[in-house]
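**Student:**
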Amino acid sequence: MDPMEALITQIQGLSSSAADISRLHTILKQTTVDVSLRSYSDHLPSLLTNLDPSLHSLGFLYILDASIAIPVSKPQAEILVPIVTTFIVACSVEQIQLAPDKFVSVCKKLKDQVVLLEAPIRGVAPMLTAVRKLQVSTERLTPLHPEFLLLCLLSKSYKTGLSILDDDIFEVDQPRDLFLFFYYGGIICIGQKRFQKALDLLHNVVTAPMSTLNAIAVEAYKKYILVSLIRHGQFSTNLPKYSSSAAQRNLKNFCLPYIELANSYGIGKIALLEEYVQTNTEKFESDNNLGLVKQVVSSMYKRNIQRLTQTYLTLSLQDIANTVQLNSAKDAEMHVLQMIQDGEIYAMINQKDGMVSFLEDPEQYKTCEMIEHIDSSIQRVMALSRKLATVDEQISCDPMYLSKVGRERQRYDFDDFDVPQKFNI
1 MDPMEALITQ IQGLSSSAAD ISRLHTILKQ TTVDVSLRSY SDHLPSLLTN LDPSLHSLGF
61 LYILDASIAI PVSKPQAEIL VPIVTTFIVA CSVEQIQLAP DKFVSVCKKL KDQVVLLEAP
121 IRGVAPMLTA VRKLQVSTER LTPLHPEFLL LCLLSKSYKT GLSILDDDIF EVDQPRDLFL
181 FFYYGGIICI GQKRFQKALD LLHNVVTAPM STLNAIAVEA YKKYILVSLI RHGQFSTNLP
241 KYSSSAAQRN LKNFCLPYIE LANSYGIGKI ALLEEYVQTN TEKFESDNNL GLVKQVVSSM
301 YKRNIQRLTQ TYLTLSLQDI ANTVQLNSAK DAEMHVLQMI QDGEIYAMIN QKDGMVSFLE
361 DPEQYKTCEM IEHIDSSIQR VMALSRKLAT VDEQISCDPM YLSKVGRERQ RYDFDDFDVP
421 QKFNI
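Sequential numbering from 1 applies to the sequence shown in the numbering used here.
(1) Tell me which residue opens and which closes the beta strand (DSSP E) that V356 is part of.
(2) If you reduce the DSSP assignment to three classes, tell me which class T138 lands in.
(3) What does a CB cutoff of less than 8 angstroms around F417 pick up in its chain, not counting 5 residues either side in sequence?
(4) Using C-beta distances below 7 angstroms, list every residue in its chain close to Y412, excluding the 5 sequence neighbours before and after it, in chain order.
(5) To the nearest angstrom, how far is the alpha carbon of K422 from that of A220?
(6) For the alpha helix (DSSP H) containing A246, name the first residue and the last one.
(7) Which same chain residues end up closer than 6 angstroms to S377 when comparing Cβ atoms and leaving out the 5 residues on each side of it in sequence?
(8) Over the uninterrupted beta strand (DSSP E) stretch that includes S316, give me the two end residues.
(9) Which of helix, strand or coil does DSSP assign to I345?
(10) Once you ignore the five residues that flank V419 on each side, which residues in its own chain have a CB closer than 7 angstroms to its CB?
(11) Rounded to the nearest angstrom, what separates V206 and V104 at their Cα positions?
(12) Roughly how far, in whole angstroms, is the beta-carbon of Q295 from the beta-carbon of I230, given that I think they are within contact range, below 8 angstroms?
(13) Need the endpoints of the alpha helix (DSSP H) that Y183 sits in, please.
(14) Would you call P120 buried or exposed, if buried means 16 or more other Cβ atoms sit within 10 Å of its Cβ?
(15) How long is the line joining the alpha carbons of D353 and I305, rounded to whole angstroms?
(16) Quick one: Cα of H373 to Cα of K366, how far?
(17) DSSP puts E171 in a beta bridge; with which residues?
(18) Closest by CA to A69, which one among L308, L149, C107, I225?
(19) Relative to the C-alpha of R307, which residue among H232, L213, D375, L110 is closest?
(20) Per the DSSP calculation, T350 is bridged to which residue(s)?
(21) Reducing DSSP to helix, strand and coil, say where R194 ends up.
(22) Would you mind sorting N424 into buried or exposed? The rule is 16 or more other CB atoms within 10 Å of its CB.
(23) Would you kindly work out how many angstroms separate the C-alpha atoms of R435 and I63, rounded to a whole number?
(24) Rounded to a whole number of angstroms, what is the C-alpha to C-alpha distance between E94 and L144?
(25) Please work out which residues of its chain come closer than 7 angstroms, Cβ to Cβ, to F254, disregarding the five sequence neighbours upstream and downstream, and give them in chain order.
(26) Answer yes if the stretch 125-137 comes into contact with the stretch 82-89, meaning at least three C-beta pairs across the two stretches below 8 angstroms, and no otherwise.
(27) Which value, in whole angstroms, describes the spacing of the CA atoms of H203 and K111?
Below is the structure:
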């Protein structure tokens, strides 16, 4: 019997029970099987027609991984993408988790193939399914998380990408996955104009533990500066104390044009800011940040209008235009309307006389919706607090951590302490 036919027969016969699947896994892990699969790579896709991806998931996975191990052409990708997609949707979670590395490899090849076909949208849904099947829990970051977010970015499917960004991550296998996950997540939130969430994600990249500075952290820091200006109208170069020494020492040196942009923004003069942007347009464009920089410039108009609400109760649209250096009263009206719609200011416009009345925040924080929102926030904080306490306890009992602390901790003698000789009970 042909070796491949024999293997297909074994896969079909050993996929019914847990014991059979375990035995099949032992067979598939043998080096001779792997070599044979790769030598038959051209014929493997046709062999897959003899297997059911939902029943023979483990064997299907091994053959599929071998069939796409080498680079493929566009016509080959057109054939393989539907096969891989069908497998990801139909495969058994229990079986693919026996060979997670193979599953990750196949999914990453799917990403490469849909990018090759210039159709990243075709990989978004199956990659999300793959993430959920590979995850042991929603608290675990898999190598497929950043791949999924990258496909969402390439296909501009930002809302789909948001679906995994609210998960609280506590377990990470590879640091690079963590950096990419938060970096891509930050860009997705920028695309959705969820600037506070983007800041939180980019902050995680910048302050994550690192022994040496990496390119992902540098690019995240550039966007972190810009989003800080858009969201808060200011930026501080002082990183938190828990940031790595590598980040604290070196990040600023790689992002000087952005820090100077923040300094120019802080002066509050739109003409100076626009002049600086114009001078450094080529740099911002090469970093793919020019669009975000333009949003920074636009945000200065909003910031200056917000300052007016702290000084005046009413003001004409023409006076607003003159004060914040807009071209006309019409431009001022458009900015004010947009800020009212976004909830950035509270105001009313009298179009008859061109006057703007600035109002107080109408929220009284006593509606049912607001109470439910506050309660859910409290519950979330309490759950995070319990989780952090559990993690802290696990770390304090970890042998590797204790051995490291033991080596670094200064040793004391009893003579170093004033120990009382008598106790009053």
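Here a beta-carbon is modelled for each residue, glycine too, at the ideal position from N, C-alpha and C.
**Tutor:** If we stick to the structure as given:
(1) From DSSP, the beta strand (DSSP E) with V356 extends over 355-358.
(2) Three-state DSSP puts T138 in coil, outside helix and strand.
(3) At F417 the pLDDT is 45, less than 50, meaning the model places this residue with poor confidence; the figure from the coordinates comes in the next sentence. Cβ within range, chain order: n/a, list empty.
(4) Reliability fails at Y412, whose pLDDT of 48 lies under 50, so the model's placement of it is uncertain and the value that follows must be treated cautiously. Cβ within range, chain order: n/a, list empty.
(5) The predicted position of K422 is uncertain, since its pLDDT is 46 and thus under 50; a value taken from the coordinates is nonetheless stated next. A straight-line Cα-Cα distance of about 60 angstroms links K422 and A220.
(6) Segment 245-254, the alpha helix (DSSP H) holding A246.
(7) Excluding residues within five positions, none has a Cβ falling inside 6 angstroms.
(8) Run containing S316: 314-316, per the beta strand (DSSP E) assignment.
(9) Three-state result, I345: coil.
(10) Annotation note: pLDDT 46 at V419 (below 50); position unreliable, no value reported.
(11) Here the alpha carbon of V206 sits roughly 27 angstroms from the alpha carbon of V104.
(12) Yes, Q295 and I230 are in contact; Cβ-Cβ is about 6 angstroms, under 8 angstroms.
(13) Bounds of the alpha helix (DSSP H) holding Y183 are 175-191.
(14) Per the 10 Å Cβ criterion, buried.
(15) Here the C-alpha atom of D353 lies approximately 19 angstroms from the C-alpha atom of I305.
(16) Going from the Cα of H373 to the Cα of K366 covers about 11 angstroms.
(17) R140.
(18) The residue from L308, L149, C107, I225 with its alpha-carbon nearest to that of A69 is C107.
(19) Looking at the Cα atoms, H232 is the closest of the given residues.
(20) The question names Thr, yet the displayed sequence has Asn at residue 350. BP columns for N350 point to M355.
(21) Coil.
(22) Below a pLDDT of 50, predicted positions are generally treated as unreliable, and N424, at 43, falls in that range; no measurement from the model is reported.
(23) Summary: the structure shown does not reach residue 435, with the chain confined to residues 1 through 425, and so no result is reported for it.
(24) Approximately 18 angstroms between the Cα atoms of the pair.
(25) Beyond the five residues adjoining it in sequence on each side, F254 comes within less than 7 angstroms, by CB distance, of V218 in the same chain, given in chain order.
(26) Here the stretch 82-89 lies against the stretch 125-137, with 3 or more beta-carbon pairs under 8 angstroms apart.
(27) Near 27 angstroms, if we compare the C-alpha coordinates of K111 and H203.
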